[in-house]
Structures are given as C-alpha cells and as structure tokens.
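Heads up: the structure comes next, in structure tokens.
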Amino acid sequence: MGKHFQTVAAIVTILCVGVLAQQEIILKADDVDDHDDIWGKRYAAGVNSWGIDGNHIPGTNGYMIWNSFPGPSGTYSVKLGAVTEPDGDSPYKFFVDGQEVASGNYPYSTGNLDCGSGELKVEDIDLGEHAINNGDEIKYWASSVYPCGTDHGQYSRFYQIKFTSQAPPDNTPPSVPANVAFVSATNTSITVSWDGSTDDESGVKEYLIYVDNTQKGSSTNTQGTATGLSRNTEYEIAVSAVNYSGEESARSAAITASTADEDAPTGTMFLAGNSGTLANGMTEADAAGALAPKAIYGTNGSTSGASASLSKAEYDIDVPVDGTWYFWARLKYEGGMANSFWVDIDGGDAMRFGNGESQFSQWHWEGFMEEGHVDLGSLTAGPHTLTVYCREPADDCLLDVICLTTEESYEPSDGDVVLDGNGTTPMEGYVRVDYPTGGETLQVGQTITVRWTTDTNVVTDVDVKFSPDGGVSWETLNGSGSVVLGDADWDNLEWTIPETVLDIPLAGNSECIMRVEQYEATESDYIDNSDAFSIVGQGQSVVTAAPVARESGVSIHTVSPGWYMAQVALENAYDIRISDPRGATVAHFTGTGPARYALPQGLASGVYVMSVKNRNVVRSGTLILKR
675 MGKHFQTVAA
685 IVTILCVGVL
695 AQQEIILKAD
705 DVDDHDDIWG
715 KRYAAGVNSW
725 GIDGNHIPGT
735 NGYMIWNSFP
745 GPSGTYSVKL
755 GAVTEPDGDS
765 PYKFFVDGQE
775 VASGNYPYST
785 GNLDCGSGEL
795 KVEDIDLGEH
805 AINNGDEIKY
815 WASSVYPCGT
825 DHGQYSRFYQ
835 IKFTSQAPPD
845 NTPPSVPANV
855 AFVSATNTSI
865 TVSWDGSTDD
875 ESGVKEYLIY
885 VDNTQKGSST
895 NTQGTATGLS
905 RNTEYEIAVS
915 AVNYSGEESA
925 RSAAITASTA
935 DEDAPTGTMF
945 LAGNSGTLAN
955 GMTEADAAGA
965 LAPKAIYGTN
975 GSTSGASASL
985 SKAEYDIDVP
995 VDGTWYFWAR
1005 LKYEGGMANS
1015 FWVDIDGGDA
1025 MRFGNGESQF
1035 SQWHWEGFME
1045 EGHVDLGSLT
1055 AGPHTLTVYC
1065 REPADDCLLD
1075 VICLTTEESY
1085 EPSDGDVVLD
1095 GNGTTPMEGY
1105 VRVDYPTGGE
1115 TLQVGQTITV
1125 RWTTDTNVVT
1135 DVDVKFSPDG
1145 GVSWETLNGS
1155 GSVVLGDADW
1165 DNLEWTIPET
1175 VLDIPLAGNS
1185 ECIMRVEQYE
1195 ATESDYIDNS
1205 DAFSIVGQGQ
1215 SVVTAAPVAR
1225 ESGVSIHTVS
1235 PGWYMAQVAL
1245 ENAYDIRISD
1255 PRGATVAHFT
1265 GTGPARYALP
1275 QGLASGVYVM
1285 SVKNRNVVRS
1295 GTLILKR
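In this note's numbering, the protein residues as written are 675 to 1301.
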C-alpha cells in the first residue's frame, strides 16, 4: 500500500437533544491514513471524492484505511457519502477493527443501468449501526465495474464516512494555543508552529490557522501552513484549537510574518496556454482570474488515450539545458468530473494530468491527480514539441498556463509567473547572433556565413544588418525582403565582405557589428548585436576569435588573464548571475537594455554557471574560464 501516515482529522458536530447530544464524527476520504495504490483523488459531483483508478480493467479493487477511530467508544449509525453513477453498481465492504460489518452495491444514480447518461449524484449509503471503540481501525473496500464497456465505468467514488451517536455534551473549549512561531515561507504560504492545547473531555481534534482574521489553514498537529497568500506580503497569523465536540478556543496572540519573494528555480519556463498551435477544436476562452489573456479548452477528447484527432495544442519549445524535465499546468473546472488532459513530448507516450485536485472551482496548479508533477523524462537542450490533448471535453474545463522545470521538488505558484506584454506567446522569445559574435578579424573579399538562432515559436522572419561604425548606421544584408523560417538561407546567410559599406571603408575597420532582428520591428524585443569585430584588407592575416561563453544574448569576453567582460545584448529587463561550482555568486548584474559589465578581477580558472533571466525565461549555461 502507498503510505500516507497522518493523524485523522475527523469533523465533529454536536446537536443537543435533552441531556444528550447527537454526535457526528466524519472521516474524510482526504484524511485517509493508508490506501492501496489503485485509489486516488477523483473529484466529482462537487465533492472532494476519492475513487478507484480508471484503468479500464474491471474488478480493480483495494482498501482505504483510517488507523484509529477518533471518537469515544459507543454505538454509531454509519453512512457512506458516495458519488453514484448511471453506468455501474460497484460492490463495497465496511470493516471495524478487522471485522466486516457491512457490504453491498452502489445504487445507480438514475435508478437503473443507463450507459448513455452522465448523471452523477451525491448519496448517503446506509452501512448500519455498529459498536465502535475509540482507537478501532476503520477500513473500506470497493471494486470498479464496467458494465457498459471498458471505455467508462463506475469507480466507487466516495468522499466521507459519517458516524452518528448519542453522547454527553462537551461544552468546554480547549485551552488556547501558545507561543506561535514562524517556521518558513514560500511565495504563497507561511508555515508556523505552536505549543499544543489541552481538552480533558473530548480531546483536541485540530487547530485552525487564521491570517488577518480569515482561516487559511488547519492542522492536526502543532505545525501547519497557511496557503493561498500573496507574494512578498506581510500578514498577522493566529491559531485556535477545536475539540471533538466542535468547541473552538480563543485565538492565540498573533505574530507578524511575510511570504517570500523568490523567483522560480533556474531553468523554469512558463507558457501561456493559448500560445500554442490550437487544432481539432481546442478553443480559446475568456476566463476570469486567468494569468494568460485567454484560457483554452477541448471539444473533442478521449479517456482511453491521446490521438492526433483529439483537440490539441502544440508548443514548440527550446529546452535550455539537458536534464529531467517536469510538467505542471494551471487548471480550473466548475463541477462534475471533466477536468483532465493528456500531454506528450516529441510524440512519445501521452501522460494524463489533472482530474484530482481538491481546489475545484478555482484556479490551481496541478500535475497528475494531486500527486505532483508529470515527469517528461530526460530531454536534451534544444528544440522539442510539447503537445496537450483534450481528455474530457467541457467548455469550463480550462487550462491557463503551463510550467516546465528541472527542479523535481518545485511546485509553481501564481506569483512565479511572468508573461510578456499580452501573454499570447511563451516568453522565451529571443534572437541570438551566433557568428560573427565579436573579436574576429575578417578580410575584405572573404565570404562568411552569418548564423543566428531564434525561438521559432515567436520569431520566424528576420533582417540581417551590418554596421561599419559601431552601431550608428546599418545596412540590411538580405535585401528588401526578410529571411523567413524555411528559406534556404535561414540561419546561414552568406555575405561577401565588400570594400565599403555606406561609403565607409572596411579595410582597417575595428568597429564592425553584425545584427539580427525580427523583421520590420521598430522597437523589437527580439534583437541581438554581435560585439565589435575587425576587417582588414585583402592579403592581411585573418583571426577568428569566439567569446569565452555565450548564453541568451549575453557573452563573456577575455579582457586580460583573469579578467572578463560581460556583453549584454538584451532589450528588456534582465537578471544575470554567475556562480562557482559550490553555488556561491561571483557576479550579479541587473539592468534594462544593452550594456557591458566587468566581472571581478582574479577569478580562478574553472567551470562556472551563468543564469540569464529575461522575458520570463531563465536559461543556464556553463562557463569555462582560463587565466
């Protein structure tokens, strides 16, 4: 079994009847201590239900286990909070302290088997009246069925088991939690600890965490996390205790704490969902609360697997570094169960994501059914194609933003996302001159091949320009039309160096610069200039020199042994960090627009890491510096 060891967080309601109180103890499926791996969160019909994996194999079965019944010993009427369906009547069994005490089959939501209906219904199934002692193990077993064929079936969904008994009332709240202390913070959450409360009658059930007088978290032990907060914001946090009779203590003294202000890990990329190529009925939609200008949803899906005929969105991505990459998506669904998609990389096996998040009816980040990221596997640096397919079509089953990261433990938050001006394209758009890059000595009459790289998801036609005077004036080398992706001279435009350009002699000229920019852009973000290179007359020696390293519009050049200069050819705001192998920062530059920065003198020879954050993308590369 997959282990989920946690203290049961039972919900208790007290209804006074004369001198006795009707006590309800609820064991949530979300709070299960242990379960077989075939069980998972399968939100449906507006409740946080769990169900058996939809693997299309009839008879898939297993247990859900709560280690210790939290209520007092007594006789309880027990009811299963189930989600019934029209296409199956799953068998179930209920156990107390290892003994089977109830069994049966789910009723059909429509009264009878109806393979053509999609009606879901939340119903209580009576499990009978049973003697249950405090600390007894509670166990539930069920099996999936597929009477309508293996494409869809009934998965024994349920969201709670409710126990009702007559019990003496406990009208005294627990003591007040003390010594609340800050533990840690992320961009959207704060974790605190405290000294526990006491309750001599029914006992302490849970603690509630309040942020600025609004409950933002709960815990069954003396540490918990408040979630759904804003980045880099100060809050007042207090904690109260609740006993098993539902009595809540006064709140503790509040402390002040702030959320973090941290960028996503190096190498993380965010893509607007609608920035891909949409096909087969994948549709844009206006959506309140979306981070991209428009969300997307599918009109043609399949739960059996992905195929080229389904609604899909294709994204051409440029992976900056080799490594294992992980996938997340920002999703929202208003109700029911149609909240999942498929994803593949480079046409490989499609993997399912979504379909398990408890935060229904609100935007949230999800990988596979609330179990974490989707593992895309090991990818090499360079171009790849990511494809998202519709699994369950619905016009309110929405995808907003995609996150790709190499950090296995990272879970995205809204505060990490930065898209471009209108969010309609992934923000890794760039143009980069690859040759000449600066420092070369070329020759009049020599034929060179100007080379460049672009993010072809954004930039598909360019102008190639040359300046003989350090960037004051420019000559377009490709004539009146642009160089278009797919042309024979895309990324390899040949140019024979003339004697003059713009009436300026080139022989003996050391102020030559090569530029590649997005076609007809007046103030293009997508532009890159080489560093200065020299041109000599015919018959003189030619020297080809490359920068020490170049990454996303930033090149490092040797000034003298042990001293290097960073040449930045970026237009938007950027953040550049160079670190040694231990992760210590040796140089850090921030700015907007082209500039030069001197690295500290005397850097030792060795391998360094340079990360460049620009237009929402963080790219990393290695530097090998030699003195």
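C-beta atoms are modelled at their ideal positions from N, C-alpha and C, and glycine is treated no differently. What you are looking at is a predicted structure, and each value in this text was computed from that prediction instead of being measured.
Which runs of the beta strand (DSSP E) fall wholly inside the segment 988-1064 and span at least 3 residues, in chain order?
Runs found: 997-1007, 1014-1019, 1025-1028, 1038-1040, 1048-1053, 1056-1064.
From the DSSP output, which residues share a beta bridge with I864?
Here residue 864 refers to the residue found at position 190 of the sequence shown. According to DSSP, which records beta bridges pairwise, I864 is partnered with A859, A900.
Here's the rule: buried if 16 or more other CB atoms are within 10 angstroms of the residue's CB, otherwise exposed. What is G1095?
Counting from one through the sequence shown, the residue named residue 1095 turns up at place 421. Only weak support is given to the placement of G1095: the predicted model assigns it a pLDDT of 37, under 50, and the value that follows is read from those uncertain coordinates. Answer is exposed; the Cβ neighbour count stays below 16.
As assigned by DSSP and simplified to three states, the class of D1088:
Working through the sequence shown from its first residue, we reach residue 1088 at position 414. Helix.
Residue of I1178, Y833, Y750 minimising C-alpha distance to K715
Translated into the one-based positions of the sequence shown, residue 715 becomes position 41. Measuring C-alpha to C-alpha distances from K715 to each of I1178, Y833, Y750 identifies Y833 as the nearest.
Would you call N948 buried or exposed, if buried means 16 or more other Cβ atoms sit within 10 Å of its Cβ?
Your numbering for residue 948 matches position 274 in the sequence shown. Buried, because 16 or more other Cβ atoms sit within 10 Å of the Cβ of N948.
Which residues does DSSP list as the beta-bridge partners of E880?
Counting from one through the sequence shown, the residue named residue 880 turns up at place 206. Answer is V916, bridged to E880.
Could you name the residues of the same chain whose beta carbon sits closer than 6 angstroms to that of E921, not counting the 5 residues immediately before and after it, in chain order?
Here residue 921 refers to the residue found at position 247 of the sequence shown. Excluding residues within five positions, the ones whose Cβ falls inside 6 angstroms are P847.
Are L1050 and I1019 close, meaning C-beta to C-beta below 7 angstroms?
In the sequence shown, counting from the first residue as 1, residue 1050 sits at position 376. In the sequence shown, counting from the first residue as 1, residue 1019 sits at position 345. Yes, the pair counts as a contact, with Cβ atoms nearer than the cut-off.
Is S839 helix, strand or coil by DSSP?
Taking the sequence shown and counting its residues from 1, one reaches residue 839 at position 165. S839 sits in a strand when the DSSP states are folded into three classes.
What residue range is occupied by the uninterrupted beta strand (DSSP E) comprising R1307?
Look at the range of the chain in this structure, 675 to 1301, and you will see that residue 1307 is not part of it.
Figure out for me which residue from V850, T784, D1137, C1186 has the closest Cα to the Cα of D873.
Taking the sequence shown and counting its residues from 1, one reaches residue 873 at position 199. With distances taken between Cα atoms, D873 lies closest to V850.
Quick check on DSSP: helix, strand or coil for Y1282?
Taking the first residue of the sequence shown as 1, we reach residue 1282 at position 608. If DSSP states are grouped into helix, strand and coil, Y1282 belongs with the strands.
Would DSSP call N948 helix, strand or coil?
For the purposes of this step, residue 948 is taken as residue 274 along the sequence shown, with counting starting at 1. The three-state reading of DSSP puts N948 in helix, counting H, G and I together.
Can you list, in chain order, the residues of its chain with a C-beta nearer than 6 angstroms to that of A953? Leave out the 5 residues immediately preceding and following it.
Within the sequence shown, numbered from 1, the residue matching residue 953 stands at position 279. Cβ within range, chain order: K986.
DSSP puts E1185 in a beta bridge; with which residues?
On the sequence shown, residue 1185 is found 511 positions in, with the first residue counted as 1. Beta-bridge pairing links E1185 to no other residue.
Output needed for K1287: all residues of its chain with C-beta closer than 6 angstroms, excluding positions within five of it in sequence on either side, in chain order.
Start at 1 with the first residue of the sequence shown, and residue 1287 comes out as number 613. The answer, listed in chain order, is D1249.
Let me check understanding here. Comparing Cα to Cα, which of S867, S914, D1205, S1087 lies closest to P939?
Along the sequence shown, one-based indexing puts residue 939 at 265. Of the listed residues, the one whose Cα sits closest to P939 is S1087.
Through-space distance from A1068 to T784, alpha-carbon basis:
Here residue 784 refers to the residue found at position 110 when the sequence shown is read from its first residue. Here residue 1068 refers to the residue found at position 394 when the sequence shown is read from its first residue. Distance from the CA of T784 to the CA of A1068, rounded to the nearest whole angstrom, comes to 22 angstroms.
First through last residue of the beta strand (DSSP E) which encompasses S978
Translated into positions along the sequence shown, residue 978 becomes position 304. Premise fails: S978 is in no beta strand (DSSP E) and is neither H nor E.
Looking at the structure shown, is A703 part of a helix, part of a strand, or coil, going by DSSP?
Translated into the one-based positions of the sequence shown, residue 703 becomes position 29. Correct three-state label for A703: helix.
With H, G and I counted as helix, E and B as strand and the rest as coil, what does DSSP make of A1243?
One-based indexing of the sequence shown puts residue 1243 at position 569. If DSSP states are grouped into helix, strand and coil, A1243 belongs with coil.
Straight-line gap, S742 to S830 (C-alpha atoms, nearest Å)
Sequence index remark: in the sequence shown, residue 742 carries index 68 (1-based). Sequence index remark: in the sequence shown, residue 830 carries index 156 (1-based). Distance between the alpha carbons of S742 and S830 is about 23 angstroms.
For Y1007 and D825, the rounded distance between their alpha carbons
Position 151 of the sequence shown holds residue 825. Position 333 of the sequence shown holds residue 1007. C-alpha separation (whole angstroms): 22 angstroms.
Nearest CA to the CA of F1001: which residue from E1081, P994, Y782?
Looking up residue 1001 in the sequence shown gives position 327. Residue E1081 is the option with its Cα nearest to F1001.
In the DSSP assignment, what residue or residues form a beta bridge with A1162?
For this step, residue 1162 is matched to residue 488 along the sequence shown. Note: A1162 sits in no beta bridge, so no partner.
Could you work out which residue in Y1063, I864, K879 is closest to K890 when comparing CA atoms only?
Residue 890 sits at position 216 when you count from the first residue of the sequence shown. The shortest Cα separation from K890 among Y1063, I864, K879 belongs to I864.
Return helix, strand or coil for R1270, following the three-state DSSP convention.
Residue 1270 sits at position 596 when you count from the first residue of the sequence shown. R1270 falls in the strand class under three-state DSSP.
Measuring straight from C-alpha to C-alpha, what distance separates A969 and P994?
On the sequence shown, position 295 is the one that residue 969 refers to. On the sequence shown, position 320 is the one that residue 994 refers to. Between A969 and P994, the C-alpha separation is close to 26 angstroms.
To which residues of the same chain is I835 closer than 6 angstroms at the C-beta, ignoring the five residues directly before and after it?
Here residue 835 refers to the residue found at position 161 when the sequence shown is read from its first residue. Cβ within range, chain order: L701, L754.
Just checking my contact of Q828 with D763 at CB under 8 angstroms: how many whole Å lie between their CB atoms?
Start at 1 with the first residue of the sequence shown, and residue 828 comes out as number 154. Start at 1 with the first residue of the sequence shown, and residue 763 comes out as number 89. For Q828 against D763, the beta-carbon gap comes to about 7 angstroms, under 8 angstroms, which counts as contact.
Identity of the residues DSSP links to T1127 by a beta bridge
Within the sequence shown, numbered from 1, the residue matching residue 1127 stands at position 453. Per DSSP, R1106.
Just verifying my parser: in three-state terms, what is the DSSP assignment at C1077?
As a first step, residue 1077 must be located in the sequence shown, where it is residue number 403. C1077 carries a strand assignment under DSSP once its states are collapsed to helix, strand and coil.
Using only alpha-carbon positions, find the residue among S876, T888, T899 that is nearest to W868.
As a working note, residue 868 is residue 194 in the sequence shown. Among S876, T888, T899, the Cα nearest to that of W868 is on T899.
Separation of L1060 from G1022, as counted between CA atoms:
The sequence position of residue 1022 within the sequence shown is 348, counting from 1. The sequence position of residue 1060 within the sequence shown is 386, counting from 1. If I take the Cα positions, the gap works out to 10 angstroms.
Neighbour-count burial assignment, S747, 16 or more Cβ in a 10 Å radius:
Working through the sequence shown from its first residue, we reach residue 747 at position 73. Exposed is the call here.
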